[in-house]
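Asker: Input: one structure, supplied below.
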Amino acid sequence: PYRLHYNGKLSDSGGGGQFTLGGRSSQASPFFVAPRLLPRLVRYVNNHPSLSYLFATEYVGGASQSPRCDEGARDRFLELAIALDRLENEENISNELLYLSLAPFLSDASGNTHRSELNIEKLWNTSLPQRGCLGLLEFRAFRMPSTAKRSIAIAMLLRSITAMLVKSDPAPGLVDWQDELHDRFALPFFLRRDLQRVLQDTAQAGFCISTEFQSELLTEPDRARWCFDFAGGELSIEQAIEYWPLVGDVATQESGGSRLVDSSTLRLQIALQAEANNGDQLGEWQLQTGGYRLPLREDSGDNHKLRLTGLRFRDFTPWRGLHPSIRPINPVLLYLSHPRRDLAYQIQLYNWRPDATPYAGLPRDLDEAASRRQERFIVETIDRGQVPEAKSAPDKAVTEYSFDLRCL
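For the sequence shown, the tail end lands on 460 under our numbering, and the numbers increase by one without skipping.
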(Lines of atoms letter the chains of each structure in order from A and count residues from 1; the text may use other names and numbers.)
(Lines give C-alpha, C1' and ligand atoms only; values in the text may rest on other atoms or scores of the structure.)
Protein backbone atom coordinates (compact mmCIF):
# COMPACT_ATOMS: atom_id res chain seq x y z
CA PRO A 1 0.00 0.00 0.00
CA TYR A 2 3.03 2.33 -0.02
CA ARG A 3 6.32 2.88 -1.84
CA LEU A 4 9.73 3.27 -0.24
CA HIS A 5 12.16 5.64 -1.95
CA TYR A 6 15.95 5.49 -1.84
CA ASN A 7 16.26 8.36 0.63
CA GLY A 8 13.73 6.79 3.01
CA LYS A 9 10.77 8.84 1.88
CA LEU A 10 7.36 7.13 1.91
CA SER A 11 4.67 7.76 -0.66
CA ASP A 12 1.41 6.12 -1.59
CA SER A 13 1.48 3.11 -3.89
CA GLY A 14 -0.28 4.88 -6.74
CA GLY A 15 -3.08 2.35 -6.45
CA GLY A 16 -6.69 3.32 -5.90
CA GLY A 17 -7.28 4.27 -2.29
CA GLN A 18 -10.67 5.79 -2.93
CA PHE A 19 -13.79 4.99 -0.93
CA THR A 20 -17.16 4.59 -2.62
CA LEU A 21 -20.55 5.13 -1.01
CA GLY A 22 -23.88 3.91 -2.35
CA GLY A 23 -26.75 1.54 -1.65
CA ARG A 24 -27.69 -2.07 -2.30
CA SER A 25 -29.42 -0.80 -5.43
CA SER A 26 -29.43 2.46 -7.34
CA GLN A 27 -32.67 3.68 -5.78
CA ALA A 28 -31.49 2.65 -2.31
CA SER A 29 -28.54 5.06 -2.60
CA PRO A 30 -28.47 7.41 0.39
CA PHE A 31 -28.13 10.31 -2.06
CA PHE A 32 -31.56 9.47 -3.53
CA VAL A 33 -33.22 8.38 -0.27
CA ALA A 34 -32.09 11.71 1.25
CA PRO A 35 -31.78 14.15 -1.70
CA ARG A 36 -30.47 16.94 0.55
CA LEU A 37 -27.44 14.80 1.48
CA LEU A 38 -25.24 15.51 -1.55
CA PRO A 39 -25.59 19.32 -1.46
CA ARG A 40 -24.85 19.21 2.27
CA LEU A 41 -21.80 17.01 1.64
CA VAL A 42 -20.46 19.44 -0.98
CA ARG A 43 -20.79 22.31 1.51
CA TYR A 44 -19.33 20.33 4.40
CA VAL A 45 -16.22 19.23 2.50
CA ASN A 46 -15.74 22.81 1.33
CA ASN A 47 -15.88 23.91 4.99
CA HIS A 48 -13.29 21.31 6.06
CA PRO A 49 -10.13 21.17 3.91
CA SER A 50 -8.73 18.36 6.06
CA LEU A 51 -11.06 16.00 4.19
CA SER A 52 -9.42 17.13 0.94
CA TYR A 53 -5.75 17.13 1.90
CA LEU A 54 -4.96 15.22 5.09
CA PHE A 55 -5.46 11.76 3.57
CA ALA A 56 -4.59 12.64 -0.03
CA THR A 57 -1.71 11.63 -2.27
CA GLU A 58 1.30 13.92 -2.74
CA TYR A 59 -0.26 15.52 -5.80
CA VAL A 60 -3.14 17.78 -4.77
CA GLY A 61 -4.61 21.05 -5.95
CA GLY A 62 -6.55 22.33 -8.91
CA ALA A 63 -4.61 20.31 -11.50
CA SER A 64 -4.61 17.04 -9.53
CA GLN A 65 -6.74 13.90 -9.83
CA SER A 66 -9.03 15.11 -7.02
CA PRO A 67 -9.50 18.91 -7.19
CA ARG A 68 -11.86 20.65 -4.80
CA CYS A 69 -14.85 22.53 -6.17
CA ASP A 70 -13.22 25.83 -5.09
CA GLU A 71 -9.86 25.17 -6.75
CA GLY A 72 -11.06 25.92 -10.27
CA ALA A 73 -12.18 29.12 -11.95
CA ARG A 74 -13.67 31.65 -9.57
CA ASP A 75 -16.84 32.15 -11.59
CA ARG A 76 -17.61 28.43 -11.30
CA PHE A 77 -17.36 28.63 -7.52
CA LEU A 78 -19.80 31.54 -7.46
CA GLU A 79 -22.20 29.59 -9.69
CA LEU A 80 -21.94 26.58 -7.35
CA ALA A 81 -23.40 28.66 -4.53
CA ILE A 82 -26.43 29.37 -6.73
CA ALA A 83 -26.81 25.67 -7.62
CA LEU A 84 -26.74 24.62 -3.97
CA ASP A 85 -29.24 27.30 -3.03
CA ARG A 86 -31.62 26.15 -5.80
CA LEU A 87 -31.43 22.54 -4.60
CA GLU A 88 -32.05 23.62 -1.02
CA ASN A 89 -35.32 25.30 -2.04
CA GLU A 90 -36.48 22.59 -4.46
CA GLU A 91 -39.39 20.55 -3.12
CA ASN A 92 -38.96 17.46 -5.30
CA ILE A 93 -35.37 16.66 -6.25
CA SER A 94 -35.22 13.92 -8.87
CA ASN A 95 -32.14 11.78 -9.45
CA GLU A 96 -31.52 13.50 -12.76
CA LEU A 97 -31.94 17.01 -11.36
CA LEU A 98 -29.49 16.24 -8.54
CA TYR A 99 -26.84 15.01 -10.98
CA LEU A 100 -27.31 17.72 -13.61
CA SER A 101 -27.24 20.46 -10.98
CA LEU A 102 -23.90 19.45 -9.45
CA ALA A 103 -21.96 17.57 -12.17
CA PRO A 104 -20.64 20.78 -13.81
CA PHE A 105 -19.03 21.80 -10.52
CA LEU A 106 -17.77 18.40 -9.30
CA SER A 107 -15.18 18.14 -12.06
CA ASP A 108 -11.73 19.41 -12.98
CA ALA A 109 -11.05 22.54 -15.03
CA SER A 110 -11.65 20.67 -18.29
CA GLY A 111 -15.09 19.44 -17.17
CA ASN A 112 -13.91 15.88 -16.49
CA THR A 113 -16.25 14.56 -13.75
CA HIS A 114 -13.92 11.64 -13.06
CA ARG A 115 -11.30 14.06 -11.71
CA SER A 116 -13.04 15.48 -8.67
CA GLU A 117 -12.64 14.83 -4.97
CA LEU A 118 -16.38 14.07 -4.91
CA ASN A 119 -16.78 11.97 -8.04
CA ILE A 120 -20.43 11.53 -9.09
CA GLU A 121 -19.93 10.24 -12.64
CA LYS A 122 -21.74 7.02 -11.60
CA LEU A 123 -24.49 8.74 -9.59
CA TRP A 124 -27.12 9.33 -12.30
CA ASN A 125 -25.18 9.90 -15.50
CA THR A 126 -27.42 8.77 -18.35
CA SER A 127 -24.68 9.42 -20.92
CA LEU A 128 -22.47 6.71 -19.36
CA PRO A 129 -23.98 3.41 -20.56
CA GLN A 130 -24.64 0.54 -18.11
CA ARG A 131 -22.69 1.95 -15.17
CA GLY A 132 -23.60 5.64 -15.07
CA CYS A 133 -26.80 5.36 -12.97
CA LEU A 134 -25.66 3.35 -9.96
CA GLY A 135 -26.27 5.96 -7.25
CA LEU A 136 -22.57 5.97 -6.31
CA LEU A 137 -20.26 8.67 -5.02
CA GLU A 138 -16.50 8.10 -4.94
CA PHE A 139 -14.30 9.98 -2.47
CA ARG A 140 -11.12 10.41 -4.54
CA ALA A 141 -9.05 12.56 -2.16
CA PHE A 142 -7.69 9.51 -0.32
CA ARG A 143 -4.43 7.69 -0.87
CA MET A 144 -4.15 3.96 -0.33
CA PRO A 145 -4.36 3.42 3.46
CA SER A 146 -1.15 1.90 4.81
CA THR A 147 -2.93 -0.62 7.09
CA ALA A 148 -6.29 -2.35 7.31
CA LYS A 149 -6.98 -0.56 10.59
CA ARG A 150 -6.42 2.81 8.96
CA SER A 151 -8.78 1.85 6.15
CA ILE A 152 -11.45 0.96 8.71
CA ALA A 153 -10.92 4.28 10.51
CA ILE A 154 -11.38 6.28 7.28
CA ALA A 155 -14.50 4.29 6.40
CA MET A 156 -15.87 5.04 9.89
CA LEU A 157 -15.16 8.73 9.37
CA LEU A 158 -16.89 8.94 5.98
CA ARG A 159 -19.92 6.90 7.10
CA SER A 160 -20.25 9.06 10.23
CA ILE A 161 -20.12 12.28 8.22
CA THR A 162 -22.71 10.94 5.79
CA ALA A 163 -25.06 9.80 8.56
CA MET A 164 -24.68 13.14 10.32
CA LEU A 165 -25.53 15.08 7.15
CA VAL A 166 -28.70 13.06 6.63
CA LYS A 167 -29.86 14.21 10.08
CA SER A 168 -28.46 17.76 10.25
CA ASP A 169 -26.62 20.43 8.29
CA PRO A 170 -23.75 21.93 10.35
CA ALA A 171 -22.29 23.84 7.36
CA PRO A 172 -24.85 26.52 6.46
CA GLY A 173 -22.98 27.85 3.43
CA LEU A 174 -19.84 27.70 1.30
CA VAL A 175 -16.62 29.22 2.64
CA ASP A 176 -14.58 31.35 0.25
CA TRP A 177 -11.12 30.47 1.56
CA GLN A 178 -9.26 32.36 -1.19
CA ASP A 179 -5.45 32.24 -0.64
CA GLU A 180 -5.88 30.75 2.82
CA LEU A 181 -6.85 27.40 1.27
CA HIS A 182 -3.36 26.78 -0.15
CA ASP A 183 -1.53 28.65 2.60
CA ARG A 184 -2.99 27.80 6.00
CA PHE A 185 -4.20 24.35 5.02
CA ALA A 186 -0.88 23.37 3.52
CA LEU A 187 0.35 22.88 7.10
CA PRO A 188 -0.43 19.58 8.85
CA PHE A 189 -1.01 21.35 12.18
CA PHE A 190 -4.07 23.19 10.84
CA LEU A 191 -5.33 20.15 8.93
CA ARG A 192 -5.29 18.02 12.10
CA ARG A 193 -7.06 20.78 14.03
CA ASP A 194 -9.72 20.96 11.32
CA LEU A 195 -10.21 17.18 11.43
CA GLN A 196 -10.68 17.38 15.20
CA ARG A 197 -13.57 19.76 14.57
CA VAL A 198 -15.06 17.28 12.10
CA LEU A 199 -14.84 14.58 14.78
CA GLN A 200 -16.54 16.91 17.26
CA ASP A 201 -19.37 17.51 14.77
CA THR A 202 -19.99 13.78 14.23
CA ALA A 203 -19.84 13.08 17.97
CA GLN A 204 -22.41 15.81 18.70
CA ALA A 205 -24.66 14.26 16.05
CA GLY A 206 -24.50 10.91 17.87
CA PHE A 207 -21.79 9.23 15.74
CA CYS A 208 -18.80 9.18 18.07
CA ILE A 209 -15.68 7.42 16.81
CA SER A 210 -13.69 5.74 19.58
CA THR A 211 -10.49 7.32 20.91
CA GLU A 212 -8.49 4.47 19.40
CA PHE A 213 -9.73 5.12 15.88
CA GLN A 214 -9.59 8.89 16.28
CA SER A 215 -5.91 8.47 17.09
CA GLU A 216 -5.54 6.37 13.94
CA LEU A 217 -7.01 9.23 11.89
CA LEU A 218 -4.94 11.96 13.52
CA THR A 219 -1.64 10.05 13.30
CA GLU A 220 0.07 10.20 9.92
CA PRO A 221 2.61 7.39 9.53
CA ASP A 222 3.42 8.32 5.92
CA ARG A 223 4.37 11.94 6.66
CA ALA A 224 8.11 12.51 7.19
CA ARG A 225 8.96 14.24 10.48
CA TRP A 226 12.21 15.17 12.20
CA CYS A 227 12.58 16.68 15.68
CA PHE A 228 14.98 17.37 18.52
CA ASP A 229 14.69 18.75 22.04
CA PHE A 230 16.36 22.00 23.08
CA ALA A 231 16.35 23.93 26.35
CA GLY A 232 12.75 24.97 26.72
CA GLY A 233 11.03 22.97 24.02
CA GLU A 234 11.10 20.93 20.84
CA LEU A 235 11.86 21.86 17.24
CA SER A 236 10.05 19.78 14.63
CA ILE A 237 10.23 19.73 10.85
CA GLU A 238 7.35 18.02 9.09
CA GLN A 239 6.51 17.38 5.46
CA ALA A 240 3.72 19.76 4.45
CA ILE A 241 1.40 20.01 1.45
CA GLU A 242 2.53 21.51 -1.85
CA TYR A 243 0.29 22.22 -4.84
CA TRP A 244 2.23 21.36 -7.99
CA PRO A 245 1.32 23.20 -11.21
CA LEU A 246 0.84 21.65 -14.61
CA VAL A 247 3.60 22.30 -17.15
CA GLY A 248 3.28 22.49 -20.93
CA ASP A 249 0.33 22.08 -23.27
CA VAL A 250 -2.48 21.19 -20.88
CA ALA A 251 -5.02 20.53 -23.65
CA THR A 252 -2.77 17.95 -25.33
CA GLN A 253 -1.99 16.21 -22.03
CA GLU A 254 -5.68 15.96 -21.11
CA SER A 255 -6.22 12.99 -23.43
CA GLY A 256 -3.23 11.06 -22.10
CA GLY A 257 -2.87 8.75 -19.14
CA SER A 258 -0.59 11.10 -17.25
CA ARG A 259 0.22 14.80 -17.09
CA LEU A 260 3.49 16.66 -16.55
CA VAL A 261 3.74 18.71 -13.36
CA ASP A 262 6.56 20.65 -11.73
CA SER A 263 7.09 18.78 -8.46
CA SER A 264 10.38 20.51 -7.60
CA THR A 265 8.90 22.77 -4.91
CA LEU A 266 8.85 21.37 -1.39
CA ARG A 267 7.08 22.78 1.64
CA LEU A 268 8.04 21.99 5.22
CA GLN A 269 6.21 22.85 8.41
CA ILE A 270 8.72 24.14 10.97
CA ALA A 271 7.50 24.47 14.54
CA LEU A 272 8.84 25.32 17.97
CA GLN A 273 6.76 23.79 20.74
CA ALA A 274 7.25 24.83 24.35
CA GLU A 275 7.65 22.47 27.25
CA ALA A 276 4.76 22.43 29.70
CA ASN A 277 4.60 25.65 31.74
CA ASN A 278 7.46 27.16 29.74
CA GLY A 279 5.56 29.06 27.06
CA ASP A 280 6.84 32.52 28.10
CA GLN A 281 10.38 31.57 27.14
CA LEU A 282 9.52 30.25 23.67
CA GLY A 283 9.12 33.65 22.05
CA GLU A 284 12.76 34.58 22.71
CA TRP A 285 14.12 31.75 20.58
CA GLN A 286 14.89 32.79 17.01
CA LEU A 287 14.98 30.66 13.88
CA GLN A 288 16.69 31.79 10.71
CA THR A 289 17.57 30.47 7.27
CA GLY A 290 19.27 31.99 4.24
CA GLY A 291 20.17 35.08 6.23
CA TYR A 292 16.56 35.85 7.18
CA ARG A 293 14.57 35.38 10.39
CA LEU A 294 11.70 32.96 9.95
CA PRO A 295 8.35 34.72 10.55
CA LEU A 296 6.89 32.28 13.08
CA ARG A 297 3.19 32.39 13.87
CA GLU A 298 2.04 31.90 17.47
CA ASP A 299 -0.58 29.27 18.22
CA SER A 300 -1.31 26.51 20.70
CA GLY A 301 -2.01 22.81 20.59
CA ASP A 302 -2.41 19.99 23.13
CA ASN A 303 -2.06 22.53 25.98
CA HIS A 304 1.37 23.65 24.71
CA LYS A 305 2.24 26.97 23.16
CA LEU A 306 3.96 26.81 19.79
CA ARG A 307 5.26 28.97 16.96
CA LEU A 308 5.27 27.69 13.41
CA THR A 309 5.52 28.52 9.73
CA GLY A 310 5.70 26.85 6.35
CA LEU A 311 9.00 26.96 4.45
CA ARG A 312 8.87 26.66 0.65
CA PHE A 313 11.92 26.12 -1.56
CA ARG A 314 13.09 24.35 -4.72
CA ASP A 315 14.21 20.86 -3.80
CA PHE A 316 15.72 19.78 -7.14
CA THR A 317 16.08 20.96 -10.74
CA PRO A 318 13.27 19.43 -12.82
CA TRP A 319 13.79 18.12 -16.33
CA ARG A 320 11.06 20.51 -17.41
CA GLY A 321 9.40 22.97 -15.08
CA LEU A 322 8.85 26.55 -14.04
CA HIS A 323 11.41 29.19 -13.06
CA PRO A 324 14.61 27.80 -14.66
CA SER A 325 16.76 30.44 -12.91
CA ILE A 326 15.85 29.29 -9.37
CA ARG A 327 18.49 26.97 -7.95
CA PRO A 328 17.64 24.08 -5.61
CA ILE A 329 18.58 24.22 -1.93
CA ASN A 330 20.37 21.26 -0.37
CA PRO A 331 20.69 21.08 2.52
CA VAL A 332 18.10 23.31 4.15
CA LEU A 333 20.19 25.11 6.78
CA LEU A 334 18.55 26.53 9.91
CA TYR A 335 19.95 28.25 12.99
CA LEU A 336 18.15 28.23 16.34
CA SER A 337 19.45 30.71 18.91
CA HIS A 338 18.50 32.57 22.08
CA PRO A 339 19.74 36.11 22.90
CA ARG A 340 20.73 35.15 26.46
CA ARG A 341 22.33 31.76 25.79
CA ASP A 342 25.90 31.17 24.71
CA LEU A 343 25.12 28.04 22.73
CA ALA A 344 22.97 27.75 19.62
CA TYR A 345 21.98 25.01 17.19
CA GLN A 346 22.77 24.45 13.54
CA ILE A 347 20.18 22.22 11.82
CA GLN A 348 20.73 20.67 8.40
CA LEU A 349 18.13 18.70 6.47
CA TYR A 350 19.42 16.97 3.33
CA ASN A 351 17.32 15.50 0.54
CA TRP A 352 19.84 12.67 0.10
CA ARG A 353 22.73 11.16 2.02
CA PRO A 354 24.80 14.00 3.51
CA ASP A 355 27.97 12.64 1.84
CA ALA A 356 26.10 12.47 -1.53
CA THR A 357 27.07 8.82 -2.08
CA PRO A 358 24.53 6.45 -3.68
CA TYR A 359 22.37 4.05 -1.71
CA ALA A 360 23.00 0.32 -2.18
CA GLY A 361 19.33 -0.20 -3.06
CA LEU A 362 15.83 0.60 -1.91
CA PRO A 363 15.08 0.26 1.83
CA ARG A 364 14.21 -3.30 2.82
CA ASP A 365 11.43 -2.26 5.18
CA LEU A 366 9.88 0.66 7.08
CA ASP A 367 12.57 0.58 9.79
CA GLU A 368 15.38 1.00 7.28
CA ALA A 369 13.43 3.76 5.54
CA ALA A 370 13.08 5.58 8.87
CA SER A 371 16.80 5.19 9.49
CA ARG A 372 17.62 6.72 6.10
CA ARG A 373 15.33 9.66 6.78
CA GLN A 374 16.95 10.24 10.15
CA GLU A 375 20.52 10.23 8.81
CA ARG A 376 19.56 13.14 6.54
CA PHE A 377 18.83 15.28 9.63
CA ILE A 378 21.90 16.68 11.41
CA VAL A 379 21.83 18.91 14.50
CA GLU A 380 25.04 20.45 15.89
CA THR A 381 25.60 22.63 18.94
CA ILE A 382 27.63 25.74 18.14
CA ASP A 383 28.64 29.00 19.82
CA ARG A 384 26.08 31.74 19.41
CA GLY A 385 28.77 33.90 17.86
CA GLN A 386 28.88 31.50 14.90
CA VAL A 387 25.26 32.26 14.01
CA PRO A 388 25.18 34.71 11.09
CA GLU A 389 23.38 38.01 11.38
CA ALA A 390 19.82 37.74 10.08
CA LYS A 391 17.46 40.28 8.52
CA SER A 392 13.69 40.43 8.58
CA ALA A 393 12.08 38.44 5.78
CA PRO A 394 11.03 40.65 2.84
CA ASP A 395 7.29 41.10 2.36
CA LYS A 396 7.31 39.57 -1.12
CA ALA A 397 8.47 36.22 0.33
CA VAL A 398 6.04 36.10 3.26
CA THR A 399 2.41 35.07 3.44
CA GLU A 400 0.34 34.68 6.57
CA TYR A 401 1.45 31.08 7.03
CA SER A 402 4.59 30.58 4.90
CA PHE A 403 8.02 31.89 3.94
CA ASP A 404 8.99 31.25 0.29
CA LEU A 405 12.74 31.10 -0.33
CA ARG A 406 12.11 31.10 -4.08
CA CYS A 407 11.07 34.77 -3.86
CA LEU A 408 14.40 36.01 -2.46
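For every residue, glycine included, the Cβ atom is placed at its ideal position computed from N, Cα and C.
1) Mapping DSSP to helix, strand and coil, what is Val227?
2) Can you give me the start and stop residues for the alpha helix (DSSP H) that Gln291 sits inside?
3) State buried or exposed for Pro440, treating a residue as buried only when at least 16 other CB atoms are found within 10 Å of its CB.
4) Does the distance from the CB of Leu334 to the CB of Gln340 come in under 8 Å?
5) Starting from the N-terminal side, write out each stretch of the alpha helix (DSSP H) that is 4 residues or longer and does not extend beyond the segment 303–385.
6) Grab me the residues of Thr369's own chain with a C-beta within less than 6 Å of its C-beta, minus the 5 sequence neighbours each way, in chain order.
7) Under a three-way DSSP split, which group does Ser63 fall into?
8) To the nearest angstrom, how far is the alpha carbon of Thr451 from that of Gly258?
9) Just the C-alpha distance for Val94 and Ala135, rounded to the nearest angstrom, thanks.
10) Considering just the uninterrupted stretch of the beta strand (DSSP E) at Arg462, what are its terminal residues?
11) Does the CB of Phe241 have a neighbour CB from chain B at under 8 Å?
12) Our contact map puts Ser102 next to Leu243 with C-beta atoms below 8 Å; I'd like the distance itself, whole angstroms only.
13) Among Arg76, Trp229 and Ala205, which residue has its Cα nearest to the Cα of Glu272?
14) Who are the near neighbours of Asp274 in its chain, counting only those whose CB is closer than 8 Å to its CB and skipping five residues on each side?
15) Give a yes or no on contact between the segment 109–128 and the segment 83–93, applying the rule of three or more CB pairs nearer than 8 Å.
16) In this structure, how does DSSP classify Lys174 when only helix, strand and coil are distinguished?
17) Once you ignore the five residues that flank Leu312 on each side, which residues in its own chain have a CB closer than 8 Å to its CB?
18) Can you find the residues in the same chain that come closer than 6 Å, C-beta to C-beta, to Phe129, ignoring five residues on each side of it along the sequence?
19) Which stretch, first to last residue, makes up the alpha helix (DSSP H) that contains Thr199?
20) CA-CA distance, Leu344 and Leu395?
21) Roughly how far, in whole angstroms, is the beta-carbon of His390 from the beta-carbon of Glu336, given that I think they are within contact range, below 8 Å?
22) For Phe365, is the classification buried or exposed, using 16 other Cβ atoms within 10 angstroms of its Cβ as the cut-off for buried?
23) Whole angstroms are fine: how far does the CA of Gly114 sit from the CA of His166?
24) Determine the burial state of Ala421: buried for a count of at least 16 other Cβ atoms within 10 Å of its Cβ, exposed for fewer.
25) Express the C-alpha separation of Leu251 and Gln266 in angstroms, rounding to a whole number.
26) Would the beta-carbon of Ile213 fall within 8 Å of that of Tyr96?
27) So if DSSP puts Val431 in a beta bridge, which residue, or which two residues, is it bridged to?
28) Anyone know if the C-beta pair for Tyr411 and Tyr58 falls short of 8 Å?
29) Quick check: the Cα distance between Leu226 and Leu324, rounded to an integer number of angstroms?
30) Are the CB atoms of Ala442 and Phe455 nearer to each other than 8 Å?
31) Give the range of the beta strand (DSSP E) segment to which Ser454 is assigned.
32) Is it true that the CB of Tyr151 sits closer than 8 Å to the CB of Leu188?
Answerer: Short version:
1) Translated into the one-based positions of the sequence shown, residue 227 becomes position 175. Reduced to three states, the DSSP call for Val227 is coil.
2) Along the sequence shown, one-based indexing puts residue 291 at 239. Premise fails: Gln291 lies in the beta strand (DSSP E), Gly285 to Gln291, not in any alpha helix (DSSP H).
3) Within the sequence shown, the letter at position 388 stands for residue 440. Result: exposed.
4) Taking the first residue of the sequence shown as position 1, residue 334 is located at position 282. Taking the first residue of the sequence shown as position 1, residue 340 is located at position 288. No, the pair does not count as a contact, with Cβ atoms beyond the cut-off.
5) 331–334
6) The residue given as residue 369 occupies position 317 in the sequence shown. Once the five neighbours on either side are set aside, the close Cβ partners of Thr369 are Pro380.
7) Translated into positions along the sequence shown, residue 63 becomes position 11. Reduced to three states, the DSSP call for Ser63 is strand.
8) In the sequence shown, the residue the question calls residue 451 occupies position 399. In the sequence shown, the residue the question calls residue 258 occupies position 206. For Thr451 and Gly258, the distance between alpha carbons rounds to 39 Å.
9) The residue you call residue 94 lines up with position 42 of the sequence shown. The residue you call residue 135 lines up with position 83 of the sequence shown. If I take the Cα positions, the gap works out to 11 Å.
10) As shown, the chain starts at 53 and ends at 460. That puts residue 462 outside it, with no answer to give.
11) Within the model displayed, chain B is absent; a lone protein chain is all it includes.
12) For the purposes of this step, residue 102 is identified with residue 50 of the sequence shown, where counting begins at 1. For the purposes of this step, residue 243 is identified with residue 191 of the sequence shown, where counting begins at 1. Right, the Cβ-Cβ distance comes to about 5 Å (below 8 Å), so this counts as a contact.
13) Translated into positions along the sequence shown, residue 272 becomes position 220. Of Arg76, Trp229 and Ala205, the residue nearest in Cα terms is Ala205.
14) Taking the first residue of the sequence shown as 1, we reach residue 274 at position 222. Answer for Asp274: Tyr54, Leu62, Ser63, Asp64, Arg195 and Ser198, listed in chain order.
15) no
16) Taking the sequence shown and counting its residues from 1, one reaches residue 174 at position 122. Lys174 carries a coil assignment under DSSP once its states are collapsed to helix, strand and coil.
17) For the purposes of this step, residue 312 is taken as residue 260 along the sequence shown, with counting starting at 1. Here the set comprises Leu298, Val299, Gly300, Gln305 and Arg372.
18) For the purposes of this step, residue 129 is taken as the residue at position 77 of the sequence shown. If we look at Phe129 and ignore the five residues flanking it on each side, its Cβ neighbours are Asp122.
19) For the purposes of this step, residue 199 is taken as the residue at position 147 of the sequence shown. Neither: Thr199 is in no alpha helix (DSSP H) and is coded neither H nor E.
20) By 1-based counting over the sequence shown, the position of residue 344 is 292. By 1-based counting over the sequence shown, the position of residue 395 is 343. For clarity, residue 344 is Tyr in the given sequence; the question names Leu instead. In a straight line, the C-alpha of Tyr344 is about 19 Å away from that of Leu395.
21) By one-based count along the sequence shown, residue 390 stands at place 338. By one-based count along the sequence shown, residue 336 stands at place 284. About 6 Å separates the beta carbons of His390 and Glu336, which is inside the 8 Å limit, making them a contact pair.
22) Taking the sequence shown and counting its residues from 1, one reaches residue 365 at position 313. By the 10 Å Cβ count, Phe365 comes out buried.
23) For the purposes of this step, residue 166 is identified with residue 114 of the sequence shown, where counting begins at 1. For the purposes of this step, residue 114 is identified with residue 62 of the sequence shown, where counting begins at 1. Taking the straight line joining both Cα atoms gives about 14 Å.
24) Translated into the one-based positions of the sequence shown, residue 421 becomes position 369. Ala421 is classed as buried because its beta carbon has at least 16 other beta carbons within 10 Å across all chains shown.
25) Along the sequence shown, one-based indexing puts residue 266 at 214. Along the sequence shown, one-based indexing puts residue 251 at 199. Distance between the alpha carbons of Gln266 and Leu251: 8 Å.
26) One-based indexing of the sequence shown puts residue 213 at position 161. One-based indexing of the sequence shown puts residue 96 at position 44. A contact, by the Cβ cut-off of 8 Å.
27) In the sequence shown, residue 431 corresponds to position 379, counting from 1. BP columns for Val431 point to Ile399.
28) On the sequence shown, residue 411 is found 359 positions in, with the first residue counted as 1. On the sequence shown, residue 58 is found 6 positions in, with the first residue counted as 1. Result yes, Cβ atoms of Tyr411 and Tyr58 sit closer than 8 Å.
29) For the purposes of this step, residue 226 is identified with residue 174 of the sequence shown, where counting begins at 1. For the purposes of this step, residue 324 is identified with residue 272 of the sequence shown, where counting begins at 1. Going from the Cα of Leu226 to the Cα of Leu324 covers about 33 Å.
30) As a working note, residue 442 is residue 390 in the sequence shown. As a working note, residue 455 is residue 403 in the sequence shown. In this structure, Phe455 does not lie closer than 8 Å to Ala442 by Cβ.
31) Your numbering for residue 454 matches position 402 in the sequence shown. Ser454 to Asp456 is the extent of the beta strand (DSSP E) around Ser454.
32) Walking along the sequence shown from the start, residue 188 turns up at place 136. Walking along the sequence shown from the start, residue 151 turns up at place 99. For the 8 Å CB-CB criterion, Leu188 and Tyr151 do not form a contact.
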